[in-house]
Structure formats: structure tokens, C-alpha cells
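To keep things clear, I will list the structure first and then write my remarks on it.
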Amino acid sequence: MNIILLGIAVLLAGSCSVPPSTAKITLGIYYTFQPVQQYVAWPERKNGLEVATTHENFKNEIREMVKNTELQITNEVFQGERKIELVINFVERWEIGNFPWHKPDKTGTADGDKFFESVHKLKNKPKADIYIALIAVEISNVKLRSEFASTVSSDQTYDAVQKENTILIGAFLKHTKEKNETLLQHELGHWLGVERHEPQENCDKTQLVMCAYTISKGAISEVHKKAIKKFYLGRTGQNPPSEY
Ligand SMILES: [Zn+2]
């Protein structure tokens, strides 16, 4: 009996030293509009007609977006091996009592910095690595880090922005599914450590996720791949090679 127990103990001890095969990133997702509007703005669907949908159907669309984002990482970075797992902790409608418009007439764009603050202040947030707010209008008034700060006015508009553990995706209802997936991948790229956008000459040749402007589905560049691999190795307790 003792020998068998010892054998089990050795097996358990052995299994503890094997690093996990996937690194999980937990997402908490809020949408800030009625899902009924989605088909109006996704023109490849239903010829732009407004079609009522349930919250559950809309949440499934979001789940599909996240799944496709993860699948792109699996295929383009890890040759089909699922090493990064995007786990959705919750998708919830967020009814903001006082929507942070950028202009006092309450039209146009959302005030990004106020939005970040509102997400930050939300009470009883379930646990997540990253909180993502989907917004119907574009975003402005965002103070970004050094690279852009000196050249950006408060009226500059963005499709999406990331600060610390929060991502805002704006104009969500106007974009195709592919564009929204690229925006999510782009902001996750920043969160994973890609600080700079791809040089323009690279973007002239190919549509890349980390280009400053993306029109449709972009590919993951070499710099971006390295950041994802480095994150994966770090999260799974492995040392990244020195060139990372
Ligand atoms: Zn960016």
C-alpha cells in the first residue's frame, strides 16, 4: 500500500513541474447599447435592415468575435496549437446612467478618458484580466502614452483605445465583424506589450493588425507574434529567449 501511495505522490509531484499548455486571458465585456441596432450597421447582413435580436443572440455574436480572435492567434502565431485561451468571464449590457459624451450637446463622440474612469469605478465587477467596453459611437479625448501625446488633440477620434487593463472599442455598430475582430486583436496587442504601430511602408503592402489604421481583417506581424509568444512563455512560467 505504501509503495502505491508513494507512486501516486511521485506522479503528482511530477505533474506539478509541467507548465500549463495554455495561457488564459480572462475578458469581462460590457456593451453599452441595445443589440437591436447591430444589423443596421453591419451592412453585409440583411442588407442593412434593422432586425430585432435578443440579448442572448447578441452575446453569442460577441462570443464568436472572441473565438475568432483567439483562433487567429492559434493559427498565425502557434501553427494551429491552442496556446493562448481567451476566456470570457461575462458579457453584460451596461446601462450607463450618464453617458460620457465628449461635447456638451451630447452628440458625436464619447469622452474616452471619462469612459476609462467609469469602467474603473464600476462596482462589483467580476474578475477579469481585461475589461472591454463596446461603444456605439467613436471615441475622442484620450490622453495616450508619450508616442502620440504631443500630436493629438482632444478632438482626434479613435475606433479603439487601450489603457492599463481596459479596452474601449468604439463605432462598434458601424464596423464589419472582421474589422471589430481586428480592433480587438490590435488593442490586445498593445496590452500584450506592442507599444508601436507598424511602420507605414509595411502597412502599404499588407493589412496588419498593428497598423495605425485598419480597414478589414489584418494579419499578425512578426513584432506582434513575438509579444504574444513572450506573454505565453511568461504566463506559463517559462523563460523567454533573450532575443524577446
Ligand atoms: Zn494602436
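Taken in order, the sequence shown gives residues 14 to 257; the numbers are from the numbering used here. Just so you know, even glycine gets a beta-carbon here, dropped at the ideal spot from N, CA and C.
Leaving out five residues on either side along the sequence, give the residues of the same chain with a beta carbon under 6 Å from the beta carbon of LYS127. The residues are PRO113.
With a threshold of 8 Å on Cβ separation, who are the neighbours of TYR226 within its own chain once the five nearest residues in sequence on each side are excluded? So the qualifying residues of the chain are CYS216.
For review: beta carbons within less than 6 Å of any heavy atom in ligand 2: As for ligand 2, it is missing from this structure, which binds only ligand 1.
Do you know offhand how far VAL211's Cα is from ASN81's? Checking the sequence shown, residue 211 turns out to be Glu, not Val. Approximately 22 Å between the Cα atoms of the pair.
Burial state of ASP118, where buried means 16 or more other Cβ atoms lie within 10 Å: In this structure ASP118 is exposed. Its beta-carbon is surrounded by fewer than 16 other beta-carbon atoms within 10 angstroms.
Using CA atoms only, rank isn't needed, just tell me which of LEU135, GLU177, SER34, ILE101 is closest to GLY202. The option with the nearest alpha carbon to GLY202 is GLU177.
Which residues does DSSP pair with THR39 in a beta bridge? VAL100, per the DSSP bridge assignment.
Can you tell me whether ALA240 is buried or exposed, with buried defined as 16 or more other CB within 10 angstroms of its CB? Its Cβ being crowded by 16 or more others within 10 Å, ALA240 is buried.
Closest residue to PHE129 among LEU221, LYS156, THR219 (Cα-Cα distance): Distance from the Cα of PHE129 is smallest, within the candidate group LEU221, LYS156, THR219, for LYS156.
Could you say if the region 219-238 and the region 192-208 meet the contact criterion of at least three C-beta pairs nearer than 8 Å? Touching, yes.
DSSP state of SER255 mapped onto helix, strand, coil: Secondary structure of SER255 (DSSP, three-state): coil.
Starting from VAL222 and walking both ways along the beta strand (DSSP E), at which residues does that stretch end? Neither: VAL222 is in no beta strand (DSSP E) and is coded neither H nor E.
Look at the Cβ atom of SER167, then the Cβ atom of SER153, and state whether they are nearer than 8 Å. When the beta-carbon positions are compared, SER167 and SER153 come within less than 8 Å of each other.
Same chain, Cβ closer than 8 Å to THR120, neighbours up to 5 away in sequence not counted: Here the set comprises TRP114.
Return helix, strand or coil for GLU105, following the three-state DSSP convention. Correct three-state label for GLU105: strand.
LYS37 beta carbon less than 8 Å from that of GLU98: Closer than 8 Å, so yes.
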